[in-house]
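Under full-length UniProt numbering, think of the first position of the sequence shown as 1, with each following residue one higher. Think of the CB as a built atom: it goes at the ideal place given N, C-alpha and C, for glycine as much as any other residue. Please read these numbers as outputs of a predicted model, since none were measured by experiment.
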Amino acid sequence: MAKSDAVVPRVYGGPAGWISVAIPAGIFAYLLQFLAPVAAGTPVTLGFDWVGSLDVRLSVLIDGLSLTFALLISGIGTLVTLYSTKYLGNHPEYPRFVLFLMLFMIGMLGLVLADNLIALFVFWEITTISSYLLIGFSSDEAKSRRSALQALLVTGTGGLAFLAGVILLGTAAGSFELSVILTQGDAIRAHPHYVPIVILFLAGAFTKSAQFPFHFWLPNAMAAPTPVSAYLHSATMVKGGVYLMARMNPALGSTDLWFWTLVIAGGFTTVFASLLAIRQTDIKQVLAYTTLMALGALTMFIGAGTPAAITGMMTFLVVHSLYKAALFLMIGIVDHETGTREVDQLRGLGRKMPLTFLGGAIAGLSMAGIPPLVGFIGKEFLYKAGLDLDRGMIWVTGTIFAASVLMFVAAGISVLRPFTGKLSNTPQAPHEGPWAMWIGPLILGCLSLGFGLFPDTIEAWLVAPGTWAVYGDYSYAVDLYLFREVNAAFVLSLVTFATGALLYAVHRPLRDRLGRIIEANPVKFDAGWDRTLDGLKALAAWQTNILQSGVLQRYIFTVFATLAVGVGATIWLKDALDFTVDWNDALAGLQFKHWAVVLFVTAGAVLTAITSSRMTAIVALGVVGIGVALIFIIFSAPDVAITQLLVEVLVVVLVAIAMLKLPLLGLARDRKRRPVHAALAVTIGAMVTMVMVGVLQGELDRRLTDFFETASWTEAYGRNIVNVILVDFRAIDTFGEIGVVVIAALSAYALLRGTRYERPESKLEDRAQ
């Protein structure tokens, strides 16, 4: 990253800079108009048909959940893009960075605002691709490339599972519109496909939001520039899975499968990530693992599903977005101005960077859950929701308590230690960053303080409408407050502060002990990922050596063997051979000409199989084609017969000319293979015959036949139905086939005109002479 204005002179990134700030700011301002109707409990729907034949609409659903996410995405996006104008504004690839970031923003906005599941999936994949581009922005570094590929493969695989779930859910609900699906919760939960739908949807959500055991890709995504990390962790991609679970809660929630899967997976991720956070020495990694903790907590409380749990989830969603974005931007300034993020090298920066310290300190206090910050309210309502649960109360409350204690420690590591104490030596002399960088943490910190002092603001505009949308009930009364009474939740908060302060005092030996335990653990997911990829590469190489042998004969054998297995297995599993044929009746109408054609075709096929001459083989194969043409003539299809004859003559002539240059087939060498090939050929022929007989036994569906018979003259003005189908009704398809033939002809011409291959021994002979 270039840091000198002399490298690429720009003011705040040039046009790319101010455009990148103006776009999210304009979107944020536009979305503010929907606060009033949504707060009144009136969702807004907009849209139009996109692919009407597939029931795909480009529609928008603006309710409390989607509007909260959209405001966070655009609002924090404005501060992140402003920050990046100075953090990356002089980078030679800054316009490319802006393009990727805007694509990322559009994908997330489309994801949270889409009312159609197919459209939601499209935007889901846009975030996957754009995050790959952003994480791998420093493409000359191996670490960035590896992290980007890891994020792409993990989330992309989950995305495929999500797509399968979308198709099943749309089929079960009879619509892909979310506004329709969310009203059919009871019917969907009673549907036979409910369990696979839940599994597939959660596979997509868990990979996107890095729930255990898919957690390992998220900390590695820190290879991205800091503005990307701040944006990705606070308001965008990693919360895409949380959004999906919250959005589908009215339709898929309220079952034991949903409850226990989300509560157990989310709770385990919460504690596991918190432990990993406090053992890190890179502050950016500390923050990355605390994001995992937050995602686990959000997942757990969505699964809990009570109104209080959903209220706590929505509150913590806003809380986490505010403090996490501020802390990432804060550590980016520290790294930018000191040249390091290692906590052991940073002390006493508060004197040199007072504004950065102020913004980061407020955010850190909110992260630790200290009053009167809004983080305290978020933690209190999580405690209250956990204590009010009828089932899983000990697990939910215990995990959120452990995580809150460790978050207190992580806040001290991230903010208190770097900015207090005696100034330490750093790679660069520390100084305050430019205003475009510290204004973001300061604004977000002030919002954390303001919302803590006046919780009615976020209650009315964000938390209450969001709770109604996730819970599916607009009659529930949401009531946020800073403090009213001493209760169990407040006592837990006091215990949290005391335990957190104690652990922070011994966090360095605790970090070392955790490090030794984790290193001794033989199960390492990140290393396991590398071994998995190595295994896939080895499998691909082994498979390629078998399938891609370079021998055309093996290719053809593999294709037909696969066809035999696929069709044969289907016939057996579906019991498709359960038919009876009156062969006397079937053969009674055959005449001498029919038997003559059968013998003619059979003779050509047998000769093709046994000859050792390519020329004889192609001529014999032409005999088979002529026999097929005779069948068309017998059954009154002269046009098709003429086409068949022309094709056979051309193929025989052209291929025969090419084969004049080729040696004999070498029958002696192929004697061992020919019985196997003959068996495969007989198997394929027998299966095709059985399928044909089975089809002819049933009643033919004449809808298409009747349509073409009726429409050929009235609509296409042609009496030859076959020609009309080819030229008019499937003209584009025919045109494509002609294009394929032309490309094949050009390729053949290029090969025939190419340099003739000379054997190495002939070259040696020439040299010897």
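Taking the Cα of G412 as reference, the smallest distance to any Cα among Y471, L346 and I458 is reached at L346. Per the C-alpha coordinates, the member of G445, S712 and Q644 positioned closest to F357 is G445. Listed in chain order, the non-local C-beta contacts of A658 below 6 Å within the same chain number zero, local neighbours out to five positions each way being set aside. Approximately 22 Å separates the beta-carbon atoms of E432 and K324; this is outside 8 Å, ruling out the contact.
Inclusion of A172 and I197 in the CB contact set at 8 Å is warranted, their separation being smaller than that value. The Cβ atoms of L298 and F316 lie closer than 8 Å to each other. R508 is not bridged by DSSP to any residue. When DSSP reads this structure, F48 sits in a beta bridge with L58.
Counting of Cβ neighbours within 10 angstroms places I517 among the exposed residues, the total staying below 16. With fewer than 16 other beta carbons inside 10 angstroms of its own, G528 counts as exposed. The beta-carbon separation of F525 and F268, rounded to 13 Å, does not stay under the 8 Å limit for a contact. Within the segment 64 to 132, no beta strand (DSSP E) run of at least 3 residues lies entirely inside it.
Scanning R531, V405, T68 and W18 for the CA closest to the CA of L35 turns up T68.
Proximity of the segment 402 to 410 to the segment 335 to 350 falls short of the contact definition, fewer than three beta-carbon pairs being nearer than 8 Å. Relative to the Cα of L109, the nearest Cα in the group L746, A151 and L61 belongs to L61.
When DSSP states are grouped into helix, strand and coil, E485 belongs to the coil group. Judged by their CB atoms, V478 and A489 are not nearer to each other than the 8 Å cut-off.
The three-state secondary structure of E141, taken from DSSP, is coil.
Using a Cβ distance threshold of 8 Å, V238 and A210 count as a contacting pair.
In the structure shown, the three-state DSSP call for E737 is helix. A contact is defined here as three or more CB-CB pairs under 8 Å, and the segment 694 to 714 meets this definition with respect to the segment 722 to 735. Relative to the Cα of A309, the nearest Cα in the group I556, L257, D388 and A288 belongs to D388. The alpha-carbon separation between G378 and G303 amounts to approximately 17 Å.
For W461, there is no enclosing alpha helix (DSSP H), as DSSP marks it with neither H nor E. When DSSP states are grouped into helix, strand and coil, E699 belongs to the coil group.
Remark: three or more beta-carbon pairs, one from each stretch, lie closer than 8 Å, so the segment 368 to 387 and the segment 449 to 461 are flagged as touching.
Collapsing the DSSP output to three states places E519 in a helix.
Judged by beta-carbon spacing, L327 lies within the 8 Å limit of L287, meaning their Cβ atoms are closer than that value. Here D282 carries a strand assignment [DSSP, helix/strand/coil]. Listed in chain order, the non-local C-beta contacts of T281 below 8 Å within the same chain comprise E342, V343, D344 and R511, local neighbours out to five positions each way being set aside. Taking the C-beta atoms as reference points, D115 is found nearer than 8 Å to S59.
Contact annotation: L552 and V597 have beta-carbon atoms that are not nearer than 8 Å. Under the rule that a run must span 4 or more residues, the alpha helix (DSSP H) segments found entirely inside the segment 184 to 227 read 185 to 189, 194 to 208 and 217 to 220.
The beta carbon of A16 lies closer than 7 Å to those of Y94, P95 and V98 in the same chain, with the five residues before and after it left out. The criterion of a C-beta distance shorter than 8 Å is not satisfied by V154 and T236. Look at the beta carbons and you see the segment 248 to 257 touching the segment 180 to 191: at least three pairs across the two are nearer than 8 Å.
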